[in-house]
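Using my numbering, the first residue of the sequence shown is number 2, and each one after it goes up by one.
Heads up, the thing below is written out as structure tokens.
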Amino acid sequence: MAQPQHDTMITDDIGAGVIPQIVNPLLQQERDRATLTKDLVTRMTYMIDGGQDRTARRRHIESCLFADPVFSERDRYIRTSVETFDIGVERSIRLIDFKKVHNITFSEVWDYIYRALSNDLTFGVHDLMFVTFIENQATEEQKERWLSKAQDVQMLGTYAQTELGHGTYLPGLETTATYIPSTEEFVLNTPNLSSMKWWPGALGKTSTHVILMAQLIIGGKKYGPHAFMVQLRSLKDHSVLPGRSVGAIGEKWNLGGVDNGYLALNNVRIPRQDMFMKYSEVTADGTYSKRGNPKVLYSTMMVVRLKIAQESWQSLGRVLVTAIRYSAVRKQGPIEEGGPEVAVLDYQTQQEKLFPGLATAYAFNAVSKRLQEVFDKVQADISKENFSGLPELHALTCGLKAFTTDTATRFVDTARYACGGHGFLLSSGLPYSFSRLSAGCTYEGENTVMMLQVARYLLKSAYAAQNGGTLASSIAYLAEDNSGQTWPAQTVKDVTDCGLLCKAYQHRAYRLVSQAGQHVTQLMGKGQSQGAAWNNSTIDLVRAAKAHMQFYTVAIFFDVMKSLNVDPAIRAVLQTLSCLYAVYMMDQSIGDFLEDGYVNADQAQMIHAQYLALLSAVRPEAVPLVDAFDFSDMTVHSVLGCYDGNVYERLYEHALRDPKNKTEMGASQWDTA
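Set out below in structure tokens:
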């Protein structure tokens, strides 16, 4: 296992010698008592990373990264907003050469570098969206013009879709691109205040180019949103070009290293060849044609949503490292009257706050890997002009982006409560993680809208199944009518049977999808338009979509755990963890299962009893389970979550470094006060 970053005394003048050189005995005791030994924890790290080679590669990259003082996180929570942005820019520039020197691939940028730095990098949108969009949406001729320059950051780009007045609803975008055949140019405009682009990362101060989503207009006819390459700033002196009004939108709750910005356009002319034309084309005379599936235009958004789902488990895992290690060394009161004080992790209520989240982090790790496999297959098919997998991929990326960010955000906030007052400190890292994750609930598609996208796909698929259509694997269950069934679990042991748990989740998902579809149909039968009937059914539709995503995640988690070739001790712990994940969610939403009589009252009591038993079963392995995430102290970003468990010393050391403690209140300040 990787050695902790802070395993020696602090040597700064301020706070020197405060932090011991040894691991807190209480935390060491947790590791010594667990069945998951240090060797087994290391093997689990390999499993989480996807193999020993990947772990070695990640650790090497992190080691090289943090050897550079520019990437030091020591002052993370005492920087000003200006300093945070400046360091974000400096790091992004430094990474240009770092990636070349160490042959960093695109996936490694996200999986390793952004994991280490919590994705607080100014050029993140350039790496993830700008370059990716060119790779996927540009013609070969356009790639020759743009791709190598983008990869070498000779042109620094962003992606602008969201407007001040419109976000997820793409048909409502107001930015226009009007084609002029006589000059073979597009004229770009943001005709109203609400039309200006608003929010794109790196737009405010840094980007030289933007991939702009605008309504294509030819001969007065609208052809819907299309993408255009637009230069914003001079490559000589970085000055803003004529017709563009660009700036930063102001301070945010998080992501201070990113200059989110606005863009207004006034009769900006670009050549016809600067419209992305791999899947749609405008000829010199203004003839419009398209090929393939129009949804392929949004494939870059699918990449982003996939990465958001992956980031969600990492952020949740990082927080649980902090909260569980802290809870193992924080003593608070006796359980027995007159007895010794115990670690707060021994309290059942603390276990409820943390262990379901721990199980969820492992579940999201498994399901994000599976989603990556689906994505890779669909991308390979698209390269062969096969677009059949796009609808399922769109639904999965929408659903998992929404499900993972929403769920992880709630667990992170609960983990903050679990750390008491110390969790309110910025130095705990928990407020940062909460605000960072909650941002993911709204960017790249607000979560309710994403779930409604899933619901629309589910209803279309259910209708297709009724008419003999073939369904994708993730929704094949919609072709199997399971109404009127009851859950066959008879004993407490049955409650943790993977097959029976999957049956329960499948039954609920099928019922809620059918119920939501019937509600839409009934309202239309009463005279409501399709739009009104849909709107008046959206609560049920979101509920059905969430049930589908829970079923998908449970099924994938069990399937991945079953296929692992691991030590029996690891398998036993992971089996407990996967059962906890499924049983916890079932216990939390037991009304859904009782509603139609699928589960009876006695079974509901067994589910709750087994949930409590699973909390107790996870307790001895909790610390090794978070150790297996292998977040070094430099990547945990928390005084509460370091490997050595010396929480109080680190809290004090950080307090000593607070800028306010460098001086006393002056006489004039005191008089004013």
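Beta carbons are placed, not taken as given, at the ideal position from N, Cα and C, and that holds for glycine.
Closest Cα partner of residue i within the set the options
i	options	result
ALA533	VAL521, ARG544, VAL543 and MET586	VAL521
VAL129	TYR115, ALA139, GLU141 and THR140	Reading off the sequence shown, one finds Leu at residue 129, where the question assumed Val. Here the closest residue by C-alpha is TYR115.
HIS423	GLY173, VAL154 and LEU641	LEU641
GLY446	LYS461, PHE404, SER475 and TYR418	PHE404
ILE135	ASN483, LEU613, THR301 and GLN454	THR301
PHE558	ILE571, SER290 and CYS499	CYS499
GLN604	MET635, HIS103 and LYS494	LYS494
THR350	THR46, PHE435, ARG620 and GLU650	ARG620
GLN155	LYS237, PHE229, TRP200 and ALA203	LYS237
GLN373	GLY51, LYS385, THR361 and LEU27	GLY51
ASN537	LEU524, HIS549, LYS547 and GLY528	LEU524
PRO243	LYS253, TRP254, VAL231 and GLY251	VAL231
ASN255	ALA203, VAL283, HIS103 and SER439	SER439
TYR1	LYS661, ALA505, TRP200 and TRP535	No information on residue 1 is available, as it lies outside the stretch 2 to 674 that the chain covers here.
LEU66	ARG651, GLU650 and THR636	THR636
GLN441	GLY421, LEU431, LEU426 and ASP407	First, the residue type needs correcting, since residue 441 is Gly and not Gln in the sequence shown. The shortest C-alpha separation from GLY441 is found at ASP407.
ILE94	GLN138, ASP275 and LEU157	LEU157
SER313	ASP98, GLU338, LEU189 and ASP112	ASP112
LEU595	HIS508, VAL567 and LEU613	HIS508
GLN531	ALA396, ARG457 and PHE277	ARG457
THR410	PRO182, PHE435 and ALA344	PHE435
LEU171	THR179, ALA161 and TYR348	ALA161
ASN601	VAL247, GLN486 and VAL567	GLN486
7 Å Cβ shell around residue i - same chain, five flanking residues per side excluded
i	result
PRO489	LEU501
PRO192	GLU175 and THR177
ILE608	VAL496, VAL584, MET587, ASP588 and ILE591
LEU615	THR577, CYS580, LEU581 and VAL584
GLY518	LEU460 and ALA463
VAL132	ALA151 and GLN152
THR9	Below a pLDDT of 50, predicted positions are generally treated as unreliable, and THR9, at 32, falls in that range; no measurement from the model is reported.
SER82	GLU252 and GLY257
PRO341	PRO335
ALA3	Confidence is the limiting factor: at ALA3 the pLDDT is only 43, short of 50, which leaves the residue's position unreliable, though a coordinate-based value still follows. Around ALA3: ARG60, ASP631 and SER633.
N- and C-terminal bounds of the alpha helix (DSSP H) containing residue i
i	result
GLN604	602-619
ALA629	It is not in any alpha helix (DSSP H) - ALA629 carries neither H nor E in the DSSP assignment.
LYS563	539-564
LYS291	Looking at the DSSP string, LYS291 is not in any alpha helix (DSSP H); the run it does join, the beta strand (DSSP E), is 289-291.
GLY358	349-383
GLU312	300-330
MET45	39-50
CYS420	Run containing CYS420: none; DSSP gives neither H nor E here.
GLN467	448-467
GLY202	Element bounds for GLY202: n/a, residue is neither H nor E.
ASN255	Unbroken run through ASN255: none, as it is neither H nor E.
CYS643	First-last for CYS643: undefined, no H or E at that position.
ASP688	Residue 688 lies beyond the stretch modelled for the chain, which goes from 2 to 674, so this question has no answer here.
PHE134	132-138
THR56	53-67
GLY485	Element bounds for GLY485: n/a, residue is neither H nor E.
ASN536	531-536
Close-in-space but distant-in-sequence residues of the same chain around residue i (CB under 8 Å, 5 per side omitted)
i	result
SER195	GLU164, LEU165, GLY166, HIS167 and GLU175
PHE388	GLY293, ASN294, LYS296, VAL297 and ASP382
PRO5	For PRO5, the pLDDT reaches just 39, beneath the cut-off of 50, and the residue's location in the model is therefore unreliable, although a value from the coordinates is still provided. Contacts found: SER633, ASP634, CYS643, TYR644 and ASP645.
LEU472	SER462, ALA465, ALA466, LEU479 and ALA480
GLN394	Looking at the sequence itself, residue 394 is Leu, so the reference to Gln does not match. Around LEU394: MET303, VAL375, PHE376 and VAL379.
Continuous beta strand (DSSP E) stretch holding residue i: start and end
i	result
ALA215	210-219
ARG270	269-272
TYR160	158-161
ALA344	342-344
SER281	281-283
Proximal residues to residue i (C-beta, below 6 Å), its chain only, five neighbours per side dropped
i	result
LEU346	SER328 and ALA329
MET666	none
SER428	TYR78, VAL640 and HIS655
THR36	ALA570
TYR363	LEU578
Per DSSP, the bridge partner or partners of residue i
i	result
TYR180	PHE187
SER223	The residue asked about is misnamed: residue 223 is Lys in this sequence, not Ser. The partner list for LYS223 (beta bridge, DSSP) reads ILE218.
GLY262	ALA249
VAL241	ARG234
- Examine the Cβ distances between the segment 318-338 and the segment 618-629 and report whether three or more of them are shorter than 8 Å. The segment 318-338 is in contact with the segment 618-629.
- Message: Whether or not the segment 216-225 and the segment 391-401 are in contact is what I'm after, with contact meaning three or more pairs of Cβ atoms, one per stretch, closer than 8 Å; do they touch?
- Response: No, the segment 391-401 is not in contact with the segment 216-225.
- Counting Cβ pairs closer than 8 Å, one from the segment 256-269 and one from the segment 196-208, do we hit at least three? Touching, per the Cβ criterion.
- Give a yes or no on contact between the segment 352-359 and the segment 537-557, applying the rule of three or more CB pairs nearer than 8 Å. In short, these stretches do not touch, since the Cβ pair count stays below three.
- Task: Count the C-beta pairs between the segment 411-421 and the segment 430-438 that are closer than 8 Å, then say yes if the count reaches three, no if not.
- Result: Touching, per the Cβ criterion.
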